[in-house]
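Chemist: The sequence shown begins at 307 in this note's numbering and counts up one residue at a time.
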Amino acid sequence: MHSIALELLGKTDVRGCCNPSAAGVLLLLCLGFPPSMAACPPSCLCASDIISCSGCNLSVVPFDLPGYATRLDLSHNRLTALRVGWISQPLQRLVTLILGKNFIRSIDVNAFNVTPRLLHLDLSSNQLTVLNSSIFTGLKELKELLLFDNQIIQIDPGAFRDLRNLQRLYLSINRLSIFPIVIYEEPEGPLNLTFLDLSYNRLTKVPVQSLLSLTRQRGIYLQENPLVCDCALLALLEYWMWKQYPPLLDFRGDYPCKKGAESGVHCKEHEMSDMPLETQIYQVEPGQWLRVPCPGLTLPAQEGLVVFWVTPTTVLNSSNSDLSARLAVLPNGTLEVREPLTEDSGTYGCVIPRGHNYNPSHSLEVTVVVGNLSITSASGSAHRSSAENFNTAFTTLASCVVSIILVLLYLYLTPCRCRDGRGGDSRGCGGRAIILCSDPREVETTQQRSNGKKVVFLEPQNEDSDTGCTKIAAVNLGHVTSEGILKNGSRTVGQPLTDATHMA
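1) Is ASN623 helix, strand or coil when you go by DSSP?
2) If you reduce the DSSP assignment to three classes, tell me which class GLN515 lands in.
3) When you compare only the Cα positions, how much space is there between GLU504 and ASN432?
4) Nearest-angstrom Cα distance between ARG377 and CYS352?
5) Give me the Cα-Cα distance between VAL676 and THR620, rounded to the nearest whole angstrom.
6) Short of 8 Å in beta carbon distance, which residues of its chain neighbour VAL401, apart from the five on each side in sequence? Order them along the chain.
7) Please list the terminal residues of the continuous alpha helix (DSSP H) segment that includes ASP556.
8) Closest to ASN383 by C-alpha separation, out of GLY361, ARG389 and TYR374, would be which residue?
9) Rounded to whole angstroms, how far is the Cβ of GLN460 from the Cβ of ASN480, which I believe are closer than 8 Å?
10) Could you tell me the alpha carbon to alpha carbon distance between ARG632 and PRO646, rounded to whole angstroms?
11) Can you tell me the Cα-Cα spacing of LEU540 and SER630, whole angstroms?
12) Tell me the rounded alpha-carbon separation between ALA699 and SER709.
13) Cutting at 6 Å between CB atoms, please list the residues of its own chain near CYS359, excluding the five before and the five after it.
14) When we look at the beta-carbon of THR500 and count the other beta-carbons within 10 Å, is it buried (16 or more) or exposed?
15) At which residues does the beta strand (DSSP E) containing VAL674 begin and terminate?
16) Would you check if the distance between the CB atom of LEU445 and the CB atom of LEU475 is smaller than 7 Å?
17) At the level of alpha carbons, what is the spacing between PHE418 and PHE442?
18) Which same chain residues end up closer than 6 Å to LEU371 when comparing Cβ atoms and leaving out the 5 residues on each side of it in sequence?
19) By the 10 Å Cβ neighbour count, where 16 or more other Cβ atoms means buried, how is ASP428 classified, buried or exposed?
20) Give me the residue from LYS407, PRO347 and ILE487 with the minimum Cα distance to PRO368.
21) Please report the straight-line C-alpha distance between ARG644 and LEU636, rounded to a whole angstrom.
22) In whole angstroms, what separates the C-alpha of GLY661 from that of THR421?
23) Flag this pair as yes or no: are the beta carbons of TYR506 and SER483 separated by less than 7 Å?
24) Taking the continuous beta strand (DSSP E) assigned at ALA353, which residues delimit it?
25) Would SER705 be called buried (16 or more neighbouring beta carbons within 10 Å of its own) or exposed?
26) Under the three-state reduction of DSSP, which class applies to SER788: helix, strand or coil?
27) Quick check: LEU509 and ILE526, are their CB atoms within less than 7 Å of each other?
28) When you compare only the Cα positions, how much space is there between GLY790 and THR702?
29) How long is the line joining the alpha carbons of ASN363 and ASP455, rounded to whole angstroms?
30) Please state whether DSSP places TYR506 in a helix, a strand or coil.
31) Just list the residues that DSSP pairs TRP595 with in beta bridges.
32) Grab me the residues of ARG399's own chain with a C-beta within less than 8 Å of its C-beta, minus the 5 sequence neighbours each way, in chain order.
33) On a Cα-Cα basis, can you pick out the residue from GLY639, GLU447, THR521 and THR585 that is closest to GLU494?
34) Using the C-alpha atoms, what's the distance from LEU611 back to ALA387?
35) How is GLU649 classed by DSSP in three states: helix, strand or coil?
36) Taking 6 Å as the limit between beta carbons, can you name the residues of its chain near TRP595, skipping five residues before and five after?
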């Protein structure tokens with residue numbers, strides 16, 4: 307800083323006075339606030355927020371990097387290590403860091419604390435051999451990590467601590483001989499990991515039971531490894547093929563196990579059904595016991611043959627199953643569920659090597675329903691259909707109300723105001739309805755009975771233009787004496803029907 311101050315003091319304007327801007331910078335330096343120098347490092351290319359120092363034969367990282375960078379490319383150089391404080395200031399905006407194609411052998415703990423917003427980190431094609439504990443501390447937002455084409459032989463516990471948001475991890479083309487199950491066992495590790503590439507390593511065995519549990523929503527690539535093809539691995543690959551597992555479908559020719567005699571595996575013979583298998587449904591009441599046989603297995607599994615069951619919550623196998631547990635796999639391959647709960651309802655898959663009996667059209671799964679099937683189905687779709695049920699009920703109610711209103715309007719409202727006819731004729735517009743007795747003899751002297759009444763709708767017709775009305779009754783009521791139109795449900799027998807007071 308002393309040299310910078312001397313340089314600034316030596317700058318004068320055209321009048322021989324000290325430059326005001328230089329004086330301002332000097333004041334900041336004296337107060338302990340160094341200015342942000344946004345100069346592009348020598349031999350690097352800078353475009354907006356991108357800094358590319360690729361292929362510059364650098365053995366150390368340029369110290370004074372601009373803080374505005376969001377992408378920094380340091381690939382194709384001669385970097386051998388990444389130490390704490392490898393840059394002068396934290397790069398708060400940096401989201402992509404490319405360190406591939408170097409000679410990096412070691413990375414200090416907390417080396418990435420200066421890049422807390424990093425999302426993509428490329429360390430491919432280096433010379434890393436061991437991933438030490440807490441090597442990636444501080445990268446809590448990292449989503450993609452490229453470590454392929456290194457020399458990694460060991461992954462220490464805690465190596466991926468803090469990588470809670472990591473989604474894609476590339477570890478192919480390394481020297482791993484043991485499946486790194488520790489990646490999934492870290493309490494603060496990558497719980498959201500959906501992609502793991504372990505191809506082109508030195509794996510000879512894989513944890514089949516763990517893979518059956520992990521690969522339900524995750525993609526794990528294992529092609530081009532010297533895997534020892536045993537019955538468990540054959541069962542796993544058959545199950546993946548039946549489930550149309552993308553990592554296996556995309557590289558099906560790069561796995562050692564093949565179907566039938568080509569696999570070279572001689573599992574103990576067990577009787578399998580040749581009949582097409584359909585998904586079976588097992589229903590049981592809560593608290594009862596349920597035993598589910600393996601689909602397609604007509605006889606009990608032979609001794610020594612491992613049978614896996616993939617349940618909605620875990621994966622079990624017949625070799626180390628606790629027979630006293632609530633869910634257990636019996637030695638003959640049957641799944642036993644003791645005192646099942648409603649949460650146990652779901653799909654259960656039986657994983658067993660089937661060899662030449664394997665048929666992709668056969669179902670390897672069963673459905674278990676705990677409780678009433680209709681109730682379970684209804685409860686399962688309650689959230690999906692609640693809105694539709696409400697809309698249907700509301701629409702039906704609204705339709706009924708509208709229909710009733712329309713009927714009342716039709717019965718009691720007259721669309722025109724009637725005027726008395728000329729010459730004292732007061733026919734009016736006619737009634738909208740007439741109420742007739744079910745039996746003409748069923749009359750009383752002063753009042754018509756109310757029971758047995760019938761409503762007849764009359765089609766309106768045009769009247770004479772003299773009356774000023776647009777419609778009359780559709781029947782001739784002049785000769786009716788024993789029954790007729792009633793006002794308020796009654797009239798006197800023999801009363802003339804032309805009286806407007808008796809028109810409904």
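Note that CB positions come from ideal geometry on N, CA and C, so glycine has one too.
Modeler: On the basis of the coordinates in this document:
1) The sequence position of residue 623 within the sequence shown is 317, counting from 1. In the structure shown, ASN623 sits in a strand (DSSP, three-state: E or B).
2) Counting from 1 along the sequence shown, the entry for residue 515 is found at position 209. Secondary structure at GLN515: helix, using DSSP grouped into helix, strand and coil.
3) Position 198 of the sequence shown, counted from the start, is the residue given in the question as residue 504. Position 126 of the sequence shown, counted from the start, is the residue given in the question as residue 432. Note on identity: in this sequence residue 504 is Leu, with Glu being the wrong assignment. Using only the alpha carbons, I get a separation of about 17 Å.
4) Reading the sequence shown from its first residue, position 71 is the one you call residue 377. Reading the sequence shown from its first residue, position 46 is the one you call residue 352. Answer to the nearest angstrom: the Cα atoms are 10 Å apart.
5) Mapped onto the sequence shown, residue 676 falls at position 370. Mapped onto the sequence shown, residue 620 falls at position 314. Approximately 17 Å between the Cα atoms of the pair.
6) Within the sequence shown, the letter at position 95 stands for residue 401. Excluding residues within five positions, the ones whose Cβ falls inside 8 Å are THR376, ARG377, ARG423, LEU424, LEU425 and HIS426.
7) As a position in the sequence shown, residue 556 is number 250, starting the count at 1. From DSSP, the alpha helix (DSSP H) with ASP556 extends over 552-556.
8) Working through the sequence shown from its first residue, we reach residue 383 at position 77. Comparing Cα-Cα distances from ASN383 to each of GLY361, ARG389 and TYR374, the minimum goes to GLY361.
9) By 1-based counting over the sequence shown, the position of residue 460 is 154. By 1-based counting over the sequence shown, the position of residue 480 is 174. Not quite, the Cβ-Cβ distance comes to about 10 Å (not below 8 Å), so this is no contact.
10) As a working mapping, residue 632 is identified with position 326 in the sequence shown. As a working mapping, residue 646 is identified with position 340 in the sequence shown. Going from the Cα of ARG632 to the Cα of PRO646 covers about 8 Å.
11) The residue given as residue 540 occupies position 234 in the sequence shown. The residue given as residue 630 occupies position 324 in the sequence shown. C-alpha separation (whole angstroms): 29 Å.
12) Taking the first residue of the sequence shown as 1, we reach residue 699 at position 393. Taking the first residue of the sequence shown as 1, we reach residue 709 at position 403. ALA699 and SER709: Cα-Cα distance of roughly 15 Å.
13) Mapped onto the sequence shown, residue 359 falls at position 53. The beta carbon of CYS359 lies closer than 6 Å to those of CYS350 and LEU380 in the same chain, with the five residues before and after it left out.
14) Translated into the one-based positions of the sequence shown, residue 500 becomes position 194. Under this definition THR500 is an exposed residue.
15) Locating residue 674 in the sequence shown gives position 368, where the first residue counts as 1. Unbroken beta strand (DSSP E) run through VAL674: 671-676.
16) What you label residue 445 is simply residue 139 of the sequence shown in a count that begins at 1. What you label residue 475 is simply residue 169 of the sequence shown in a count that begins at 1. Not closer than 7 Å, so no.
17) Walking along the sequence shown from the start, residue 418 turns up at place 112. Walking along the sequence shown from the start, residue 442 turns up at place 136. If you take the alpha carbons of PHE418 and PHE442, they lie about 7 Å apart.
18) If you number the sequence shown from 1, residue 371 lands on position 65. Only ILE393 meet the Cβ criterion.
19) For the purposes of this step, residue 428 is taken as residue 122 along the sequence shown, with counting starting at 1. Result: buried.
20) Against the sequence shown, residue 368 aligns to sequence position 62. Nearest of LYS407, PRO347 and ILE487 to PRO368, Cα basis: PRO347.
21) Here residue 644 corresponds to residue number 338 of the sequence shown, with the count starting at 1. Here residue 636 corresponds to residue number 330 of the sequence shown, with the count starting at 1. Here the C-alpha atom of ARG644 lies approximately 12 Å from the C-alpha atom of LEU636.
22) What you label residue 661 is simply residue 355 of the sequence shown in a count that begins at 1. What you label residue 421 is simply residue 115 of the sequence shown in a count that begins at 1. Rounded to the nearest angstrom, the two C-alpha atoms are 52 Å apart.
23) For the purposes of this step, residue 506 is taken as the residue at position 200 of the sequence shown. For the purposes of this step, residue 483 is taken as the residue at position 177 of the sequence shown. Not closer than 7 Å, so no.
24) Looking up residue 353 in the sequence shown gives position 47. Per DSSP, ALA353 belongs to the beta strand (DSSP E) from 351-353.
25) In the sequence shown, counting from the first residue as 1, residue 705 sits at position 399. Exposed is the call here.
26) Counting from one through the sequence shown, the residue named residue 788 turns up at place 482. No answer about SER788 holds up, because its pLDDT of 41 lies below 50 and its placement is not dependable.
27) Walking along the sequence shown from the start, residue 509 turns up at place 203. Walking along the sequence shown from the start, residue 526 turns up at place 220. Their beta carbons are not under 7 Å apart, which means LEU509 does not touch ILE526 by this criterion.
28) For the purposes of this step, residue 790 is identified with residue 484 of the sequence shown, where counting begins at 1. For the purposes of this step, residue 702 is identified with residue 396 of the sequence shown, where counting begins at 1. Its pLDDT being 42, under 50, GLY790 is placed unreliably in this model, and the value from its coordinates should be taken loosely. Using only the alpha carbons, I get a separation of about 38 Å.
29) For the purposes of this step, residue 363 is identified with residue 57 of the sequence shown, where counting begins at 1. For the purposes of this step, residue 455 is identified with residue 149 of the sequence shown, where counting begins at 1. If I take the Cα positions, the gap works out to 20 Å.
30) Here residue 506 refers to the residue found at position 200 when the sequence shown is read from its first residue. Reduced to three states, the DSSP call for TYR506 is coil.
31) Numbered from 1 along the sequence shown, position 289 holds the residue referred to as residue 595. DSSP, once it has assigned bridges, lists no residue as partnering TRP595.
32) Against the sequence shown, residue 399 aligns to sequence position 93. Excluding sequence neighbours, ARG399 sits near ASP355, GLY373, TYR374, ALA375, THR376 and ARG423.
33) Against the sequence shown, residue 494 aligns to sequence position 188. It is GLU447.
34) Within the sequence shown, residue 387 is the residue found at index 81, counting from 1. Within the sequence shown, residue 611 is the residue found at index 305, counting from 1. Each residue's Cα considered, the two are about 50 Å apart.
35) In the sequence shown, the residue the question calls residue 649 occupies position 343. Three-state result, GLU649: helix.
36) Within the sequence shown, the letter at position 289 stands for residue 595. Within the same chain, TRP595 has close Cβ partners ARG644.
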